[in-house]
Amino acid sequence: MPALRPTGSFHTRVSILDLKQVSATWLGHHGASFLSPTQRTNPSDTRKRLLEATEWLFIEGGYEAMSLRHITARAGANLAAVNYHFGSKEALVQELLSQRLDRLNRERLQLLSACERQRPEGLDARAVLAMLFVPAFRLSHGSASGPAFMRLLGRVYSDPSPFIQDFLQQHYRSISGRFFEAFARALPSLPRGELGLRLHFALKALSGMLAGEDMQQLIASISKGEAINDTELLARLISLVSPILTAPSGNTEQVKLIEQVLQQDQVTAEATRTTPPAADTDSRRQGIPPSTLWIQDGRPAS
């Protein structure tokens, strides 16, 4: 600090930077006395609230849409608490993901190893796909993970943020590699590059369904209004996604079919330039979210 200068009475002239440094140090020791009764809680409670708030905000909007201001407001905490417990938004999210995913990935790997020992001749690709999600469904019923676990898992694997994708690559690359090799043995006719592309689409599709807000609507449609357990639900979801892995690649007949559609598209696009399309006046469609419109249209008319 600068030297003291007497000016008739005892004063100390310090820079703004000095004041900030002194204030930060003092608040670190005494700042709790200025917190409200709801904020003056056990530090472990504050840490838990910050993690829970981060989890829900991440599920709702993804990593990029989530700010520390949003997190602290939802948790009833302040930025100092984030800095004290985690240090940064990035470290906070990493802690959340580690808590949720470390155990899941260990159990996935254990399940894969056990099934490979039981079936040394090889596994079905649908069974390998199920091994990625069966432990997740089980953990979603446990108190340690809670009902938001499946939506969190879906968001993690569908979130486009480079930070999230880099985290997954750095922390779980070895597990991803083990499962990739299991899929490669189950689908030996697929070139590895083609397999990687198909796995990307298949897992994105399944994760997107799990992360969606209309998951309950999807479950109701799959179950047709009847009770359905996790086994039946997961079997149905995998049946929807697994053809991405097993369907034959585009052949001459498929290419010809798409060419016909493209040609027809050019004709209809030219026609609509002069004739605007009629408005959709179907009252059944009023207020129906686009993501569930297809499902409703597939049901018998009431």
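Position in the sequence shown (first residue = 1) + 46 = our numbering. We treat Cβ as the ideally placed atom computed from N, Cα and C, and that holds for glycine.
For residue i, count the other beta carbons within 10 Å of its own beta carbon; 16 or more makes it buried, fewer makes it exposed. Which is it?
| i | result |
| --- | --- |
| residue 79 | Any reading at residue 79 is ruled out, since the residue's pLDDT is 36, under 50, leaving its predicted position unreliable. |
| residue 186 | buried |
| residue 229 | buried |
| residue 205 | buried |
| residue 105 | buried |
| residue 200 | buried |
| residue 167 | exposed |
| residue 234 | exposed |
| residue 165 | exposed |
| residue 253 | buried |
| residue 132 | buried |
| residue 198 | buried |
| residue 307 | exposed |
| residue 243 | exposed |
| residue 313 | exposed |
| residue 301 | exposed |
| residue 127 | buried |
Output yes or no for whether 8 Å exceeds the beta carbon distance between residue i and residue j.
| i | j | result |
| --- | --- | --- |
| residue 370 | residue 92 | This structure leaves residue 370 out entirely; the chain is present only between 47 and 348. |
| residue 207 | residue 110 | yes |
| residue 210 | residue 251 | no |
| residue 125 | residue 138 | no |
| residue 280 | residue 179 | yes |
| residue 194 | residue 102 | yes |
| residue 232 | residue 293 | no |
| residue 240 | residue 288 | no |
| residue 265 | residue 274 | yes |
| residue 282 | residue 304 | no |
Contact check, residue i vs residue j under 8 Å by CB: the rounded distance?
| i | j | result |
| --- | --- | --- |
| residue 147 | residue 203 | Not confirmed; about 10 Å, so no contact. |
| residue 96 | residue 119 | That belief does not hold up - the Cβ atoms of residue 96 and residue 119 are roughly 11 Å apart, past 8 Å. |
| residue 276 | residue 183 | 5 Å |
| residue 181 | residue 150 | 6 Å |
| residue 249 | residue 196 | With a Cβ gap of about 14 Å, residue 249 and residue 196 do not count as contacting. |
| residue 221 | residue 154 | 7 Å |
For chain C, is any of its Cβ atoms less than 8 Å away from the one on residue i?
| i | result |
| --- | --- |
| residue 246 | The chain inventory of the structure shown lacks chain C, comprising one protein chain alone. |
- Query: Using 8 Å as the Cβ pair cut-off and three pairs as the minimum, do the stretch 223 to 237 and the stretch 157 to 166 touch?
  - Reply: With a cut-off of 8 Å, the stretch 157 to 166 and the stretch 223 to 237 count as touching, because enough Cβ pairs lie within range.
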